[in-house]
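There are 4 protein chains.
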Amino acid sequence: MHSTQNFPQEALPELLETYREFVKKELFPIDLQVVSGPFRSFLPQLETLRSRAKIIGLFAPHLSKEEGGVGLNLVQFAQVSEILGQSPIGHYVFNCNAPDIGNMELLHLFGSEEQKEKWLKPLQKGEIRSCFAMTEPAHAGSNPVHLSTTAVRKGDNYHINGHKWFTTAADGAAFTIVMAVTNPYAESPYHRASMIIVPLDNPGYHLVRNIPIMGEAGEDYLSHGEVKFENCIVPAGNLIGLEGQGFALAQERLGPGRIHHCMRWIGICERVFDLMCKRALSRELDLGKPLAEKQTIQNWIAESRAEIKASRLMVLDTAQKMQQFGAKAVREDISTIKFFVADVLMKVIDRAIQVHGALGITDDTLLSFWYRHERGARIYDGPDEVHKSALAKSILKNYASDGK
Amino acid sequence: MHSTQNFPQEALPELLETYREFVKKELFPIDLQVVSGPFRSFLPQLETLRSRAKIIGLFAPHLSKEEGGVGLNLVQFAQVSEILGQSPIGHYVFNCNAPDIGNMELLHLFGSEEQKEKWLKPLQKGEIRSCFAMTEPAHAGSNPVHLSTTAVRKGDNYHINGHKWFTTAADGAAFTIVMAVTNPYAESPYHRASMIIVPLDNPGYHLVRNIPIMGEAGEDYLSHGEVKFENCIVPAGNLIGLEGQGFALAQERLGPGRIHHCMRWIGICERVFDLMCKRALSRELDLGKPLAEKQTIQNWIAESRAEIKASRLMVLDTAQKMQQFGAKAVREDISTIKFFVADVLMKVIDRAIQVHGALGITDDTLLSFWYRHERGARIYDGPDEVHKSALAKSILKNYASDGK
Amino acid sequence: MHSTQNFPQEALPELLETYREFVKKELFPIDLQVVSGPFRSFLPQLETLRSRAKIIGLFAPHLSKEEGGVGLNLVQFAQVSEILGQSPIGHYVFNCNAPDIGNMELLHLFGSEEQKEKWLKPLQKGEIRSCFAMTEPAHAGSNPVHLSTTAVRKGDNYHINGHKWFTTAADGAAFTIVMAVTNPYAESPYHRASMIIVPLDNPGYHLVRNIPIMGEAGEDYLSHGEVKFENCIVPAGNLIGLEGQGFALAQERLGPGRIHHCMRWIGICERVFDLMCKRALSRELDLGKPLAEKQTIQNWIAESRAEIKASRLMVLDTAQKMQQFGAKAVREDISTIKFFVADVLMKVIDRAIQVHGALGITDDTLLSFWYRHERGARIYDGPDEVHKSALAKSILKNYASDGK
Amino acid sequence: MHSTQNFPQEALPELLETYREFVKKELFPIDLQVVSGPFRSFLPQLETLRSRAKIIGLFAPHLSKEEGGVGLNLVQFAQVSEILGQSPIGHYVFNCNAPDIGNMELLHLFGSEEQKEKWLKPLQKGEIRSCFAMTEPAHAGSNPVHLSTTAVRKGDNYHINGHKWFTTAADGAAFTIVMAVTNPYAESPYHRASMIIVPLDNPGYHLVRNIPIMGEAGEDYLSHGEVKFENCIVPAGNLIGLEGQGFALAQERLGPGRIHHCMRWIGICERVFDLMCKRALSRELDLGKPLAEKQTIQNWIAESRAEIKASRLMVLDTAQKMQQFGAKAVREDISTIKFFVADVLMKVIDRAIQVHGALGITDDTLLSFWYRHERGARIYDGPDEVHKSALAKSILKNYASDGK
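If you read the sequences in order, they're chains A, B, C and D. Numbering of the first sequence is given in full-length UniProt numbering, commencing with residue 1 and proceeding in unit increments. Numbering of the second sequence is given in full-length UniProt numbering, commencing with residue 1 and proceeding in unit increments. Numbering of the third sequence is given in full-length UniProt numbering, commencing with residue 1 and proceeding in unit increments. Numbering of the fourth sequence is given in full-length UniProt numbering, commencing with residue 1 and proceeding in unit increments.
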């Protein structure tokens, strides 16, 4: 997804079709079972799928060929991301899942050579997993400048102390990137924090628990950790970029990250839409009278189709502009897609559940998994409210300055 | 809740306050833990609470004093039900939880003396639990006349065969009431089924599984069973009422049942509203700037308060009319509250989650439990769509017949 | 509607039925024509109807018998108000229309004997009309303390200067009550303004225009004036109450006023609902296939019925409490019904228009009149946003002070 | 807008900017006044603007250069249409307003040489206006096959009888195209009607009235006629295409017509959005505290921006596909944009009114005009309900046939 990458555009349709086939044939038959867990018991099977993905050249679509990937640019990857998003294990199998993909981007852009060698390369190959420790239970995530976690430089080391949660996939990860305050007296709160790599076998690091979320604590990749750093000592060389650059780097990380999330959500929408239509056609109220004949069901199908289409066009438009003009130029667009698509996602899932009736609330379909685990979509990476306010303020600021 | 019951109205406020105190002091501190399970490990503790409830005269509010209860009528009980609904273990502790309460009503009204002696009495005392097997996976629950389960009379027995699910609390129950086709050739499909009592130690009965619902299979009272009847033989005396009366009895059971559900949902709304307000006041975005200052949050609080108030007034109005004029007279009202309150419930829960941010999707509050386990509220006992159509058709029919 | 009034409760059902018949037989056949105007041309016809109302004892339902009215209390009047609201000329014919009813209440409670003799009595008899000049184009009505209109005491007179608009029914009125700043240096902005009576033949008063609103300027009672006071001199005896009491009196005026509006809106909802059902039954898509068979239409009918019912119960509950405990005790309830019912009103009208198709946007039914002229319901007497914030802040304040 | 047209793409941005300037400088200052009427009094002024548009090469953007137009293709014209839509007189001034533009397309594609000479050419030059008589008061427009208007061939003439309404801009038009049943016994109801040109000076044609719509009957171009054909005799040569082709031709006419409407609506949205933002910035609640600081207002601005963006991308995407693959290929897309954009339009207008407070419901801004006159957007050219059902059925049909 580096701006210089450019998988030949004319070959894209065929590539997309290949991904589509793989996901449909290899992942759809097993994904419900995998997410029903225990996740670890499926690791060998997932490893086999990753190997197959490598062999047929689909692995790590976002990485350059040199890095062992497919070499897609942002817009191309967005289209793959929608396809992978149709399965809850899609991004994982192709090694482009959050939070690893964000960490790969970060280390690729800002990591030292040593960091790249030690952490980035095995990550790109899918040999290890990583996580990202930012959110703290003591502070509202919607105002990220408030952090209590500190990293104090003592000699050649940082001494890190703090309490984080929603450290996605911490369980089983090899390292985390932690956001910690290094410069508490910097004038701007945006210049106080830094990103530091912490290997998770460090004795000062503790995984307190996999947080039970919406009925499941999960494990391994499918989990969100509550973690503590208690006098956790790491070499100063684990600092990414410079001290005080934490939020600047986080912005770089989040921009494309929101594109990825949005396209993944659209993938979910498509799978859910498909389940909804099939159920509407197959479930009969009376002999030969399927649910599909009910106008309310038709309304939901039509509205869902319209909203999904709107979502896709907006996200691809944003990806196109970001690729062309950079992340800063599309801040309004990013906020727009974040709250718009998250809302569509939850509405489509909700309608599909209603169409499924009792079956819809069981764990016998993927609907329940997504209803539960994507409720966070309206919260993480900035809740709806924050993005709406940010967008409006930005629009209004332009007005004021225009003298309009 | 029998129409003749009438706890002295002037003593009601104090009684309600006593329930309120009990729920707040005894249940609130433990209920999140109890529903996080395993449920069975809490049975002794819950038994202790039941004993205390009996001692202070709060047990079985719906039953007459002779039956060991408090002697409330429908409207009085509705008000208690709201209070108990604030805790997910409220109705259970006071032995007025679904599906037992419905079965008690049914057996009280239509059970034979023998059935009352054997099943109703221990149920009323809380010595056993029961369940109700109606919904079948093969048929849309929204059109209940389609049933494949059959009960064939052979000599003095019924031979029952069929496949049911969403048999709430089957795990650990002593008996189920099963809805089965006894008269397949009756002209009206509403006259084909009967209700029959099946003791669950019957060798022809099998609990296939506790259905995993929204992330949890649960156990004991907190579960929904998938069950099979395979040549399950019970004495003909286990028939409730007459052959072919199944749906007629079900209607009797459902009327007050929907009042109970709606008042329970309002109780949930109140607890959730309380959590939302407290979170809004305590969560700070910046020092001294709680979420509560945000107008969006204020909108949610105001809209929730309005909708909850509307819900309560409508349900109590319906209860009042049902008590006075009977269940038939309030069929439109019942449909109205069913879809209106279920919708309010889900909206209020959703807003509270959003106000809680990341915490809202964890299992560290009750929000996640209700978000998951009450999604069914818009589906069971008739999905929204069915009730809306039924209400509209009834209204329009009156128009047509009025010659208006 | 004075708290001491009490029309015999047992006679109420019959009285309501009499109003219902009158409205249906006398007003429904002509009201569309009357509001299509020109309004003045219908004044003789309306006068005849008022005479008839007086003769059969229905005139001025809110006034005591001594004042020539029916003697209803607030809750009783609310029920009449719903009935009258079904016709856009209902309240006018029975002389209980805004803004006259508010002015009658005000003068009854706070007017001097002289003011009562001169202004209140002819108002009560329906001999004159009045208006109320508060809102100013230069200030947001949602924060009423900002007023530029001043009334300066010079000797025995007030010299009034200012610019007002939305002075409802100014055209043809005999006097207005104007809200003007008399005490600009009072510490609290709530103590700066006063209410003063201005006869509209005063040379310092000018009706600039009847404001064109939603396509119509209207005239006479059916209009909203933009007015100017230019060195308008009135005797000091025209002050109502004391100097600086303006907002305190306005609150007294607004409390029951919002009940009246809400019940009138519910009346509109019922008429609109009736039109919607009839259209659904009579409009055929294909031979013998009326719109009423479409599930979307059924949904709208059901949702409208539910929302109207919720509205009525909430407003009557508020009226009951206000009657019993006073206006202050129900401030939260008043805010609640204001935004809840205004929203329901607009939704019901919108659905009915959609059911009517092209006919719905013509002026051939009352739908267009209400769609246009009730859009203001979400704005006047405090826009939705203000009431929601006010309600939420009040709720949250109780929390904070409870130490909850 | 003919598929072969192709204004040089590289010159488009400058052309769009020229339109933008023209609309802003020439139309914005007068449009509110013009639509406030009487419209005829503004005809000379509008004629001057048309002349200027011709001189600077902006007139008739949809026509080829040979026809005196700019030569835009569908996608290019769509972008111009959004700009013109920002003013309610935009399309009129540039002679690309409905229903004339539809009639031009129709005659261009299917008119005889004689018809083109006599009717099309003066229409293209803006010398005459036309109208289109299809909808009948006696039949639901949402099922257009039901028509009572007949055209009976007698010798060389058609004798037309029937009753139509919503014949837009009939007042002052030179001719109408009428949809009438010529082949009542054709098997398919879609093959029964034909399109016939009727000059409006025909003695058998009567303009019954300009229908009062949302408070205004309007006149001339700004009106919707109710018309009657009473033994109206026209030459057989006035038939467009063949007998029985009426609906086939109507489909051709409607496809691009819906694109035009949708882009016009987006133009309205942009103007309304602009008014909303300016009002939010300029209206102060307290000194220095503009409405814009309120989070509710910010939410509306953000949501409106998102929805407008989604609308534009979807309509342009549909236009692109229609241009490339023809109208049939985009039937689902057309239904999608029709209901989606109409809904967005009404929501954006409604929010802007609320932000404007009392001013929003006056006719002192364009908001009232659009609130009233665009309510029809959800009804004409197929109500929301019909498009949603059509879209859903089409989607589900593909499922069924896919054997998916």
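Positions of the beta carbon are idealized from the N, C-alpha and C atoms, including for glycine.
Buried or exposed: which applies to residue i, given that a residue is buried once 16 or more other Cβ atoms fall within 10 Å of its Cβ?
i	result
S51/D	exposed
V56/A	The question names Val, but residue 56/A is Ile in the sequence shown. I56/A should be labelled exposed.
K388/A	buried
R283/C	buried
E47/D	exposed
K404/C	Bear in mind that a pLDDT of 47 at K404/C, under 50, signals an unreliable position, so the model cannot answer this.
G162/B	buried
Q354/C	buried
S304/A	buried
F325/D	exposed
Q9/B	exposed
Q124/C	buried
L391/A	buried
D350/A	buried
What are the boundary residues of the beta strand (DSSP E) that includes residue i?
i	result
G225/A	H224 to P235
P199/B	A193 to P199
D286/B	E284 to D286
S130/A	S130 to A133
G162/C	N157 to T168
F7/C	Per DSSP, F7/C belongs to no beta strand (DSSP E) and is neither H nor E.
Can you give the beta carbon distance from residue i to residue j, rounded, assuming they're within the 8 Å contact cut?
i	j	result
D31/B	I89/B	5 Å
G204/D	I160/D	7 Å
K347/D	D381/D	Between D381/D and K347/D the Cβ distance is about 19 Å, and since that is not below 8 Å, they are no contact.
Y221/B	A169/B	5 Å
Return the first residue and the last residue of the alpha helix (DSSP H) that residue i is part of.
i	result
Y92/B	G90 to V93
residue 425/C	Nothing can be reported for residue 425/C: it is not among the residues displayed for chain C, which extend from 1 to 404.
G85/C	L74 to G85
R331/C	R331 to H356
Considering only the alpha carbon of each residue, which of the options lies closest to residue i?
i	options	result
P256/A	S335/A, G267/A and I268/A	S335/A
A217/A	H373/A, A180/A and N97/A	H373/A
L74/D	A60/D, Y158/D and S87/D	A60/D
R209/D	I196/D, A358/D and K228/D	K228/D
residue 406/D	S87/A, Q45/A and D384/A	For residue 406/D there is no data in the structure shown, the boundaries of chain D being 1 and 404.
Closer than 6 Å to a non-hydrogen atom of the ligand SAM - does that hold for the CB of residue i?
i	result
L84/C	Here there are no bound small molecules, and the ligand SAM is not part of this structure.
Given a limit of 8 Å on CB to CB distance, which residues of the stretch 292-312 of chain B reach chain D?
K294, Q295, T296 and N299
Interfacial residues, the stretch 214-226 of chain A to chain B, with Cβ spacing under 7 Å
Along the stretch 214-226 of chain A, going in chain order, the ones with a CB nearer than 7 Å to a CB of chain B are M214, G215 and E216.
Mind checking the stretch 113-137 of chain B against chain A and listing, in chain order, the residues whose C-beta falls within less than 8 Å of any C-beta there?
T135 and P137
When Cβ atoms are compared, which residues of the stretch 34-48 of chain D fall closer than 7 Å to chain A?
Of all residues in the stretch 34-48 of chain D, none comes within less than 7 Å of chain A when Cβ atoms are compared.
Mind listing which residues of the stretch 7-28 of chain A have their C-beta closer than 8 Å to chain B's C-betas, in chain order?
none
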